[in-house]
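Student: One structure is given below, represented as structure tokens, and several questions about it will come after.
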Amino acid sequence: MTTTPARALDEDLTDAQRDLRRRAREFVEDVLIPLEQDAERLGGRLPDEQIAAIRAEALARRLGGGRHAVEHGGQGWTMLEWFLVNEQFGRVTNGLHWHVPNTYNVLGAGSPEQIERYLRPALRGEAGGDAYAVTEAESGSDPSGIASTARPSEGGWVIDGEKWFVTSGDVAAVLIVMANVVDGADRLPTLFLVEPSTPGVEYVEYPQFTHSFPHGHPTIRFTGVEVGAEAVIGGIGNGEALQRAWFTEERLGIAVHSLGAMWRLLDETLAWATTRVQGGRRIIDYQGISFPLADSATDAAVGRLLTMSVAEMVDAGADPKLTHAKSAMAKLFVSEAAGRCADRAVQAFGGRGYMRSNVAERFNRELRVDRIWEGTSEVLRVVIARALERRGVEATIH
Ligand SMILES: Cc1cc2nc3c(=O)[nH]c(=O)nc-3n(C[C@H](O)[C@H](O)[C@H](O)COP(=O)(O)OP(=O)(O)OC[C@H]3O[C@@H](n4cnc5c(N)ncnc54)[C@H](O)[C@@H]3O)c2cc1C
Numbered sequence: 364m365t366t367t368p369a370r371a372l373d374e375d376l377t378d379a380q381r382d383l384r385r386r387a388r389e390f391v392e393d394v395l396i397p398l399e400q401d402a403e404r405l406g407g408r409l410p411d412e413q414i415a416a417i418r419a420e421a422l423a424r425r426l427g428g429g430r431h432a433v434e435h436g437g438q439g440w441t442m443l444e445w446f447l448v449n450e451q452f453g454r455v456t457n458g459l460h461w462h463v464p465n466t467y468n469v470l471g472a473g474s475p476e477q478i479e480r481y482l483r484p485a486l487r488g489e490a491g492g493d494a495y496a497v498t499e500a501e502s503g504s505d506p507s508g509i510a511s512t513a514r515p516s517e518g519g520w521v522i523d524g525e526k527w528f529v530t531s532g533d534v535a536a537v538l539i540v541m542a543n544v545v546d547g548a549d550r551l552p553t554l555f556l557v558e559p560s561t562p563g564v565e566y567v568e569y570p571q572f573t574h575s576f577p578h579g580h581p582t583i584r585f586t587g588v589e590v591g592a593e594a595v596i597g598g599i600g601n602g603e604a605l606q607r608a609w610f611t612e613e614r615l616g617i618a619v620h621s622l623g624a625m626w627r628l629l630d631e632t633l634a635w636a637t638t639r640v641q642g643g644r645r646i647i648d649y650q651g652i653s654f655p656l657a658d659s660a661t662d663a664a665v666g667r668l669l670t671m672s673v674a675e676m677v678d679a680g681a682d683p684k685l686t687h688a689k690s691a692m693a694k695l696f697v698s699e700a701a702g703r704c705a706d707r708a709v710q711a712f713g714g715r716g717y718m719r720s721n722v723a724e725r726f727n728r729e730l731r732v733d734r735i736w737e738g739t740s741e742v743l744r745v746v747i748a749r750a751l752e753r754r755g756v757e758a759t760i761h
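The opening residue of the sequence shown carries number 364 in our numbering; numbering runs sequentially from there.
Here it is as structure tokens:
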């Protein structure tokens, strides 16, 4: 199949796409960026009324539920449109865009009842949304090693296990839980929708993390949790297939947000470097400052082309196995490039770059996790190396 070249140029966008990007940009600049300092001072947790105001603004500007189908209450964006919006969201620190009503794509695969009960309210900004629980104490990079089980019971399932690092698990209305359905000697990875108030669901720890983030990442234990047959999402044994589609979108999302972060870091560092005077010269006139800026700009431009081309491959209907590998490449390159870019920015700001009130300081902490979650950089290299072996060099790099 052929794919269109990446649309790096503004004139290739339709008027509607340009309008969408403008709405996202204005939302970020008018609503989210002014809240960053408050969010940092409060450890990431804004008061409920501020969160409600962000959600209302996002809905009014038609920025919620981006990739979800219009008939489910989403916007039905293409991946390119989703790219344009999320690049703007990435320009904000403290993960403030997490307050925009949305859910993981997995819920879109739900039954009409599941969509009615969980997806629609989340996209209306009414409920706490979802959280995705795969990782366990002994199973991180290799999710096929999970020990959580779902055993058949009268009319449903009994779930046992413990999940770690459940992002938004503390606020979610529903937990998407990966467990192995035990069928004789077979273990069938399956996703279940579990409400946190179900008896047997226990929050055992709320660890502290490096970033100041809107939500926590609690450890959640499931002991004899009884759910009905209708709690299965996507069919028994289909957990890994749904997870692959989830990984493609989540990994691309991390790349796109990191591109936004690089854009903001470059903007702010350039403004500083062209006005800060030391030794009688603007610091940008020292190559020790200007060359790292040039490297960051180059990283951002290369990462943008790669990531946008993957988004367009998805829109063009490319083989999901190929876009899975390509999205791994985009996340690997851009998350590592964004880390370099934040580190250089801290250096250019000098002592100010070590203050939490400074955007470079915050991004320098916050971007670190992008090399860990949704597949570590090492695991992504494994995925890419496998694609090279199975699909060949040409398919992998073109
Ligand atoms: C803030 C935060 C939020 C998270 N949110 C969620 C969430 O919402 N839901 C969820 O399910 N999980 C979540 N996670 C978990 C995250 O996905 C895992 O931490 C990640 O997949 C790595 O697993 P691990 O921590 O067990 O590390 P390990 O798998 O133990 O890896 C340790 C080190 O070994 C390396 N390694 C492992 N295997 C290989 C290999 N085959 N080749 C080379 N190197 C290898 C890794 O790259 C890493 O450097 C979150 C994590 C964090 C920090």
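All C-beta atoms, glycine included, are put in the ideal place defined by N, C-alpha and C.
Alpha carbons only, please: which of A496, A548, P515 and S504 is nearest the one belonging to G524?
Tutor: Locating residue 524 in the sequence shown gives position 161, where the first residue counts as 1. Nearest C-alpha to G524: A496.
Student: When DSSP labels each residue in this structure, what does Y481 get in the three-state scheme?
Tutor: On the sequence shown, residue 481 is found 118 positions in, with the first residue counted as 1. Helix at Y481.
Student: Quick check: the Cα distance between A594 and R627, rounded to an integer number of angstroms?
Tutor: What you label residue 594 is simply residue 231 of the sequence shown in a count that begins at 1. What you label residue 627 is simply residue 264 of the sequence shown in a count that begins at 1. So the two alpha carbons sit approximately 42 Å from each other.
Student: Just to confirm before moving on: does the CB-CB distance between F763 and G738 stay below 8 Å?
Tutor: Examination of residue 763 is not possible in this model, given that the chain is present from 364 through 761 alone.
Student: Whose C-beta lies closer than 7 Å to the C-beta of A369 among residues of the same chain, with five residues either side of it excluded?
Tutor: Along the sequence shown, one-based indexing puts residue 369 at 6. With a pLDDT of only 49 at A369, under the threshold of 50, the placement of this residue in the model should not be trusted, and no figure is reported.
Student: Return yes when the C-beta of H580 is under 7 Å from any heavy atom of ligand 1, and no when it is not.
Tutor: Your numbering for residue 580 matches position 217 in the sequence shown. True, at least one ligand heavy atom lies under 7 Å from that Cβ.
Student: Spatial neighbours of T365 within its chain, please: CB distance less than 6 Å, with the 5 preceding and 5 following residues excluded, ordered by chain position.
Tutor: Taking the first residue of the sequence shown as 1, we reach residue 365 at position 2. Only weak support exists for where T365 lies, its pLDDT of 41 falling under 50; the value from the coordinates is given anyway. Excluding residues within five positions, none has a Cβ falling inside 6 Å.
Student: Please tell me whether I599 and T553 are closer than 8 Å, where the distance is taken between their beta carbons.
Tutor: By 1-based counting over the sequence shown, the position of residue 599 is 236. By 1-based counting over the sequence shown, the position of residue 553 is 190. Closer than 8 Å, so yes.
Student: Does any heavy atom of ligand 1 sit closer than 7 Å to the C-beta of T739?
Tutor: Numbered from its first residue, the sequence shown carries residue 739 at position 376. Yes, the Cβ of T739 comes within 7 Å of a heavy atom of ligand 1.
Student: Check whether the stretch 530 to 540 touches the stretch 498 to 510, counting contact only when three or more Cβ pairs, one atom from each stretch, lie closer than 8 Å.
Tutor: Because the criterion of three Cβ pairs below 8 Å is not met, the stretch 530 to 540 and the stretch 498 to 510 do not touch.
Student: Return the chain-ordered ranges of every alpha helix (DSSP H) run that is complete within the stretch 644 to 711 and spans a minimum of 4 residues.
Tutor: DSSP runs (the alpha helix (DSSP H)) wholly in the stretch 644 to 711: 650 to 678.
Student: Straight-line CA distance for Y566 to R584?
Tutor: Start at 1 with the first residue of the sequence shown, and residue 566 comes out as number 203. Start at 1 with the first residue of the sequence shown, and residue 584 comes out as number 221. If you take the alpha carbons of Y566 and R584, they lie about 6 Å apart.
Student: Apply the 10 Å Cβ neighbour rule to T456 and answer buried if 16 or more other Cβ atoms are within range, or exposed otherwise.
Tutor: What you label residue 456 is simply residue 93 of the sequence shown in a count that begins at 1. It counts as buried.
Student: Could you check how far apart the C-beta atoms of A442 and V722 are, in whole angstroms? I think they sit under 8 Å.
Tutor: Position 79 of the sequence shown holds residue 442. Position 359 of the sequence shown holds residue 722. Here residue 442 is Met; the residue named in the question, Ala, does not match the sequence. Not confirmed; about 28 Å, so no contact.
Student: Under 8 Å: do the stretch 481 to 492 and the stretch 461 to 473 share three or more Cβ pairs, one atom per stretch?
Tutor: Yes: at least three Cβ pairs fall under 8 Å.
Student: Using 8 Å as the cut-off, can you tell me whether the stretch 506 to 515 makes contact with the stretch 534 to 544, which would need three or more C-beta pairs spanning the two stretches below that distance?
Tutor: Yes: at least three Cβ pairs fall under 8 Å.
Student: What do you reckon, are the CB atoms on I617 and I539 nearer than 8 Å?
Tutor: Taking the first residue of the sequence shown as 1, we reach residue 617 at position 254. Taking the first residue of the sequence shown as 1, we reach residue 539 at position 176. The answer is no: Cβ separation not under 8 Å.
Student: Does the beta-carbon of A536 have 16 or more other beta-carbons within 10 angstroms, so that it is buried, or is it exposed?
Tutor: Counting from 1 along the sequence shown, the entry for residue 536 is found at position 173. Buried, because 16 or more other Cβ atoms sit within 10 Å of the Cβ of A536.
Student: Could you tell me how far apart the beta carbons of L605 and V742 are, in whole angstroms, since I believe they sit closer than 8 Å?
Tutor: Residue numbering aside, residue 605 sits at position 242 when the sequence shown is read from its first letter. Residue numbering aside, residue 742 sits at position 379 when the sequence shown is read from its first letter. That pair is no contact at about 18 Å.
Student: Span of the alpha helix (DSSP H) holding M541?
Tutor: The sequence position of residue 541 within the sequence shown is 178, counting from 1. Note, M541: premise wrong, no alpha helix (DSSP H); beta strand (DSSP E) at V537 to D546.
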